[in-house]
Amino acid sequence: MDFEFTPHQKQLRSEVQAFIADHMTAALKAELKDDARGSGPEGEVFFAKIMARGWTAVSWPKEYGGQGGSPMDQFIIEEEFQRVGYKRIGGGGTGAPAILASGTEEQKRHFVPATIKGEISFSQGYSEPGCGTDLAGIQCRAIRTGDTYVINGQKIYTTSAHACTHIFLMVRTDPQSKRQAGLSILLVPIDTPGITVRPLWTIQNEPRAPTLTTYGEPRTNEVFLDNVVVPVSCLLGQEGDGWAVARRGLNLDRVGAWRYLISVMRDEDIVNWLKEDGDRNATLRADPRVRDKVAELWIEGQVARLMTMRSMSISQRGEAFSYEGAAEKVWAPEHGVRATEAISQILGPSAQLLNGSPDALDDGLFAHNLLGAFQSTVNHGSVQVMRDQVARNGLGMPRAGR
Amino acid sequence: MDVLLTDDERAVQQAAAEFLATEATPVLVRQAERAPDRMSHELWAKVAELGWLGISLPEQYGGQNLPLSYLGLVFEELGRRTAPVPMLGTMVVAQILARHGSPAQLALLEQVIKGDLILTYAVQEPDTRWSLDAVELAGRMDGEHLVLSGQKAFVDNIHTAGKCLVVFRMSDGSGLGLALIEPTLPGIDATDLITTAADAEAMLRFTDVRVPAADRVGTPGQARAIALEMMDLAAAFTTAMMVGAAGEATHRAVEYAKQRNAFGQPIGSFQAIQHMAADMTIGVDGAQLLVREAISRMGLGLPARVEVAQAKAFANEKCLMAVRMSQQIHGGIGFIAEFDQQLWYRRVAAWSLRCGTTPEHRALVAESLLDRQGPVRLGYDQSLQDDAMRAARVRS
Chain A
1431 MDFEFTPHQK
1441 QLRSEVQAFI
1451 ADHMTAALKA
1461 ELKDDARGSG
1471 PEGEVFFAKI
1481 MARGWTAVSW
1491 PKEYGGQGGS
1501 PMDQFIIEEE
1511 FQRVGYKRIG
1521 GGGTGAPAIL
1531 ASGTEEQKRH
1541 FVPATIKGEI
1551 SFSQGYSEPG
1561 CGTDLAGIQC
1571 RAIRTGDTYV
1581 INGQKIYTTS
1591 AHACTHIFLM
1601 VRTDPQSKRQ
1611 AGLSILLVPI
1621 DTPGITVRPL
1631 WTIQNEPRAP
1641 TLTTYGEPRT
1651 NEVFLDNVVV
1661 PVSCLLGQEG
1671 DGWAVARRGL
1681 NLDRVGAWRY
1691 LISVMRDEDI
1701 VNWLKEDGDR
1711 NATLRADPRV
1721 RDKVAELWIE
1731 GQVARLMTMR
1741 SMSISQRGEA
1751 FSYEGAAEKV
1761 WAPEHGVRAT
1771 EAISQILGPS
1781 AQLLNGSPDA
1791 LDDGLFAHNL
1801 LGAFQSTVNH
1811 GSVQVMRDQV
1821 ARNGLGMPRA
1831 GR
Chain B
338 MDVLLTDDER
348 AVQQAAAEFL
358 ATEATPVLVR
368 QAERAPDRMS
378 HELWAKVAEL
388 GWLGISLPEQ
398 YGGQNLPLSY
408 LGLVFEELGR
418 RTAPVPMLGT
428 MVVAQILARH
438 GSPAQLALLE
448 QVIKGDLILT
458 YAVQEPDTRW
468 SLDAVELAGR
478 MDGEHLVLSG
488 QKAFVDNIHT
498 AGKCLVVFRM
508 SDGSGLGLAL
518 IEPTLPGIDA
528 TDLITTAADA
538 EAMLRFTDVR
548 VPAADRVGTP
558 GQARAIALEM
568 MDLAAAFTTA
578 MMVGAAGEAT
588 HRAVEYAKQR
598 NAFGQPIGSF
608 QAIQHMAADM
618 TIGVDGAQLL
628 VREAISRMGL
638 GLPARVEVAQ
648 AKAFANEKCL
658 MAVRMSQQIH
668 GGIGFIAEFD
678 QQLWYRRVAA
688 WSLRCGTTPE
698 HRALVAESLL
708 DRQGPVRLGY
718 DQSLQDDAMR
728 AARVRS
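Sequence order for the protein chains is A and B. For the first sequence, my numbering assigns the number 1431 to the initial residue and increments by one for each residue that follows. For the second sequence, my numbering assigns the number 338 to the initial residue and increments by one for each residue that follows.
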């Protein structure tokens, strides 16, 4: 066991921090306030410099545009950039890792380097009005006709569908199949005729959540697929093997820097707010009840950090996850919720004031967190299903009778 | 950064686990509970024979000089089997002697490693606070002797220990002091306590106890730092035992739930039970990661006071939760004396109250967060903070 970062890892972190200090201009910060991916003119310049440093897709293979480095290096780089509200460098997500794991040589060469450059991006098309966490209930159908699939159905909570180039679509290719069998993954260009994207505005839209809010996305989407025709070359992995293909992507999606940060930044926010000058801050800072609660939250945050480091250690060794990713996906989001709610109680009625309100604290961050934190216990696999996985995969308990 | 065990660490852990599964059986644990010394001398001799007492002690006294994290793993396994041996006090004091002892005190390590000398420590007093501020046992020099008067509480294995490391306060205002004393000195009266762990704890009364000045440990200026080091070792190793015990209680509950039937199916197939088991696992894993980090840092000589406090504060709640939920899953049989399950619950209940309660440890964590200058950042050694990091902080 080694709980210290290596000299190389410490050096890398310092380099990234120095880079950010040098290149994060006021103009770029302003741009990021509206668009955390930073696709405006300042963002493009910034991203080009990051690419030139070799800090994108660090752990991905060299032959597909990555750096062939370690997952821990990638985590460190992602953590530093995401801490300043810059999310374009988040290498995880659903698309490229799954393509690297299951794609053909041609698909890898077509999609992965372009994903790294930001020319291609994927929106996850799993959930439907009738199924969310239990993907076995998917009804969206793709019927093979010659060299094409014809897709009909509806997807929901396709969060970046309005901004992506492709949808990572889970469909039922065998209409007779039940549950997981007969599912497939298709990589579908979002501009294919027959696809309609409609916004679902979230509770973070009016007013807009400030940067670094936990789940501050103002919109997600529903996607309607009406006789959408795509070539069979869009298929990722084997037909009917979509469940396994998706799971390979999901494990990578549930761990990583962003998931970690949104759970623990709340702990730092309250401590640093309490340390600011001001009578109110000083009074609360001296209150033994506040001190006990803040320490409790901080320790929980340390557990979230260590569980993340455990997942990274497994990933770095190339070992298989048993239940560790699921355990982290229970602990970290639930900690984020406990922290958010406890912090509100410490701050009192000011914590209900949203962005733009008179007297709002830190642009309403604490209030917007109240609207966002609990979303992390729902999406990417609810914490209830994650507990099922801990019990079944980690402890070998029988399939639940429910 | 790789928080998983290395092959060597796993080998030591497995050897300890296999040996204790065979030797430290519930039968032996129950026998020790009724023995006058509340320990198994037979198991203690075997532990010594296997060389575990010297695992993290210097080679020149017969030890193996492995990093402290190896000893931490052994404590997890001892806790897993609630092994009735006086390992905690012996290892805590031996570590202190190895680091700060006089030549004569260092020479004792040879006997310790052979299993011939049991050690214990005395920090707390009847006011029960786990804090050096609470130390009132009074020391004064009288020629070549130190004279101690006052009380100590919650001292382990005082009847079997050959030496006890005592923390006292000099009456002349010169601060704290430490001495390695013989528990049989005239003027020491022990009153045995009856604990939920059914182990050997006692209150001590000191009436003008004369201790040779040579038995003091460290220089007077070092006493506070050494005493804190001793308290941290004790809290960390206790936490490691809690992690082992709570892990085993979780394992037992899961296995029981797989074979116990109700409403026509194993209760382990009920989601209500599965989610309890998941929460037990997650809580114990968290405590384990925290304590392994703390012990690992101590072994490297890095500051670890806050890490120890984090681990103990968390384990006090989560390990007790896990053993209590294990009782719940076992139903009525769980609290029947002749059924083994309760052996784990009773010990974790006691251990969660020793070496610092949750509010006490959280107070230290709060101090480190709120009473120091500068912004905090989780998972980032505060000493590493530089201007680049401050600049990177967004909220400005």
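Where is the CB? At the ideal position from N, CA and C, for every residue including glycine.
Answer with buried or exposed for B:D344, where buried requires no fewer than 16 other C-beta atoms within 10 angstroms of its C-beta.
Here the question's residue 344 of chain B lines up with position 7 in the second sequence. Residue environment analysis places B:D344 among the exposed positions, since fewer than 16 neighbouring C-beta atoms fall within 10 angstroms of its C-beta.
Proximity winner among A:K1585, A:T1643 and A:T1436, relative to A:D1465 (alpha-carbon distances)
For the purposes of this step, residue 1465 of chain A is taken as the residue at position 35 of the first sequence. Checked all of A:K1585, A:T1643 and A:T1436; the closest Cα to A:D1465 is A:T1643.
Can you tell me whether A:D1671 is helix, strand or coil according to DSSP?
Locating residue 1671 of chain A in the first sequence gives position 241, where the first residue counts as 1. Assignment of A:D1671 by DSSP, reduced to helix, strand and coil, places it in the strand class.
State the beta-bridge partners of B:H612 as determined by DSSP.
Looking up residue 612 of chain B in the second sequence gives position 275. In the DSSP output, where bridge partners are listed per residue, B:H612 has none listed.
Please compile the residues from chain C whose C-beta is within a distance smaller than 8 Å of the C-beta of B:R699.
In the displayed structure, chain C is absent; the protein chains listed are A and B.
Name the chain B residues that come within less than 7 Å of A:R1689, Cβ to Cβ?
Taking the first sequence and counting its residues from 1, the one referred to as residue 1689 of chain A is at position 259. For A:R1689, there are no C-beta contacts with chain B under 7 Å, since the nearest C-beta of that chain is about 14 Å from it.
Can you name, in chain order, every residue of its own chain whose Cβ lies under 6 Å from the Cβ of A:F1435, other than the five neighbours on each side?
Residue 1435 of chain A sits at position 5 when you count from the first residue of the first sequence. Correct list: empty, nothing qualifies.
A:A1544 to A:K1517 span [Cα, whole Å]
Locating residue 1544 of chain A in the first sequence gives position 114, counting from the first residue. Locating residue 1517 of chain A in the first sequence gives position 87, counting from the first residue. Straight-line Cα distance between these residues: approximately 17 Å.
Are the Cβ atoms of B:A560 and A:M1827 separated by less than 8 Å?
Start at 1 with the first residue of the second sequence, and residue 560 of chain B comes out as number 223. Start at 1 with the first residue of the first sequence, and residue 1827 of chain A comes out as number 397. Not closer than 8 Å, so no.
Looking only at its own chain, which residues have a Cβ that is under 7 Å from the Cβ of A:E1726, when we skip the five neighbours before and after it?
As a working mapping, residue 1726 of chain A is identified with position 296 in the first sequence. Result list for A:E1726: empty, nothing under 7 Å.
Is the segment 1764-1771 of chain A close to the segment 1532-1551 of chain A, with three or more CB pairs under 8 Å?
Counting Cβ pairs under 8 Å, fewer than three are found: no touch.
Buried or exposed: which applies to A:L1613, given that a residue is buried once 16 or more other Cβ atoms fall within 10 Å of its Cβ?
In the first sequence, the residue the question calls residue 1613 of chain A occupies position 183. Flag for A:L1613 reads buried.
Residue nearest to B:E379 in terms of C-alpha spacing, selected from B:I392, B:D453 and B:T528
Position 42 of the second sequence holds residue 379 of chain B. Considering only alpha carbons, the answer is B:D453.
Residues near A:S1607 in its chain [Cβ-Cβ closer than 8 Å; skip 5 each side]:
Indexing the first sequence from 1 puts residue 1607 of chain A at position 177. Within the same chain, A:S1607 has close Cβ partners L1613 and G1670.
How is A:K1373 classed by DSSP in three states: helix, strand or coil?
As shown, chain A starts at 1431 and ends at 1832. That puts residue 1373 of chain A outside it, with no answer to give.
If you measure between the beta carbons of A:L1666 and A:Q1537, is that distance less than 8 Å?
Position 236 of the first sequence, counted from the first residue, corresponds to residue 1666 of chain A. Position 107 of the first sequence, counted from the first residue, corresponds to residue 1537 of chain A. Result yes, Cβ atoms of A:L1666 and A:Q1537 sit closer than 8 Å.
Length of the line joining the Cα atoms of B:D622 and B:I531
Position 285 of the second sequence holds residue 622 of chain B. Position 194 of the second sequence holds residue 531 of chain B. Near 31 Å, if we compare the C-alpha coordinates of B:I531 and B:D622.
Just mark A:H1438 as buried or exposed, buried being the case when its beta carbon has 16 or more other beta carbons within 10 Å.
Looking up residue 1438 of chain A in the first sequence gives position 8. Burial call: exposed.
Compare the Cα-Cα distances from B:K489 to each of B:D479, B:E462 and B:E481 and report the closest residue.
Residue numbering aside, residue 489 of chain B sits at position 152 when the second sequence is read from its first letter. Measuring from the Cα of B:K489, the nearest candidate turns out to be B:E462.
Would you check whether the ligand FAD has a heavy atom nearer than 7 Å to the C-beta of B:V366?
Summarising the ligand content, the structure contains no ligands, and the ligand FAD is consequently not present.
Please tell me whether A:P1640 and A:N1809 are closer than 8 Å, where the distance is taken between their beta carbons.
Within the first sequence, the letter at position 210 stands for residue 1640 of chain A. Within the first sequence, the letter at position 379 stands for residue 1809 of chain A. No; because the gap between Cβ atoms is not below 8 Å, this pair is not in contact.
Contact between the segment 412-423 of chain B and the segment 362-379 of chain B: three or more CB pairs below 8 Å?
Under the 8 Å Cβ criterion, the segment 412-423 of chain B counts as touching the segment 362-379 of chain B, having at least three qualifying pairs.
Throw me the rounded Cβ distance for the B:V472 and B:L515 pair, which I believe falls under 8 Å.
The count along the second sequence starts at 1 and reaches residue 472 of chain B at position 135. The count along the second sequence starts at 1 and reaches residue 515 of chain B at position 178. Contact flag wrong, Cβ pair sits at about 10 Å.
Quick check: the segment 584-600 of chain B against the segment 649-666 of chain B, are there 3 or more CB pairs under 8 Å?
yes
Which residues of chain A have a Cβ atom closer than 8 Å to the Cβ of B:E346, listed in chain order?
Your numbering for residue 346 of chain B matches position 9 in the second sequence. By Cβ distance, chain A contributes M1431.
Please confirm if B:A614 has its CB atom under 8 Å from at least one CB of chain A.
Within the second sequence, residue 614 of chain B is the residue found at index 277, counting from 1. Yes, B:A614 lies at the interface with chain A (some Cβ there is under 8 Å from its Cβ).
Those runs of the alpha helix (DSSP H) which lie wholly inside the segment 1501-1575 of chain A and span at least 4 residues
1501-1513, 1525-1532 and 1535-1547
Would you please state the rounded distance, in angstroms, between the beta carbons of B:G581 and B:G416? I believe it to be under 8 Å.
The sequence position of residue 581 of chain B within the second sequence is 244, counting from 1. The sequence position of residue 416 of chain B within the second sequence is 79, counting from 1. That belief holds up - the Cβ atoms of B:G581 and B:G416 are roughly 3 Å apart, short of 8 Å.
Name the DSSP bridge partner or partners of B:F543?
Start at 1 with the first residue of the second sequence, and residue 543 of chain B comes out as number 206. According to DSSP, B:F543 shares a beta bridge with B:G487 and B:I525.
Which chain B residues sit within Cβ distance under 7 Å of A:E1461?
Counting from one through the first sequence, the residue named residue 1461 of chain A turns up at place 31. Against chain B, a Cβ distance below 7 Å from A:E1461 picks out nothing, because the smallest value is about 14 Å.
Segment limits, alpha helix (DSSP H) that includes A:V1488:
Counting from 1 along the first sequence, the entry for residue 1488 of chain A is found at position 58. Segment: none, A:V1488 is in no alpha helix (DSSP H) and carries neither H nor E.
DSSP beta-bridge partners for B:S501?
Walking along the second sequence from the start, residue 501 of chain B turns up at place 164. It is Cys, not Ser, that sits at residue 501 of chain B in the sequence shown. Partner(s): B:T457 and B:I518.
Please check if any C-beta of chain A sits within less than 8 Å of the C-beta of B:G487.
Counted from its first residue, the second sequence places residue 487 of chain B at position 150. With 8 Å as the cut-off, B:G487 does not count as an interface residue toward chain A.
Check B:V430 in the structure and name its three-state DSSP category.
Here residue 430 of chain B refers to the residue found at position 93 of the second sequence. Of the three classes helix, strand and coil, the one that applies to B:V430 here is helix, per DSSP.
Would you verify that the beta carbon of A:G1522 is, or is not, closer than 8 Å to some beta carbon of chain B?
Sequence index remark: in the first sequence, residue 1522 of chain A carries index 92 (1-based). For A:G1522, the pLDDT reaches just 49, beneath the cut-off of 50, and the residue's location in the model is therefore unreliable, although a value from the coordinates is still provided. Answer no: the Cβ-Cβ gap between A:G1522 and chain B never drops below 8 Å.
Along the beta strand (DSSP E) that carries A:L1617, what are the first and last residues, could you check?
Counting from one through the first sequence, the residue named residue 1617 of chain A turns up at place 187. Unbroken beta strand (DSSP E) run through A:L1617: L1613 to P1619.
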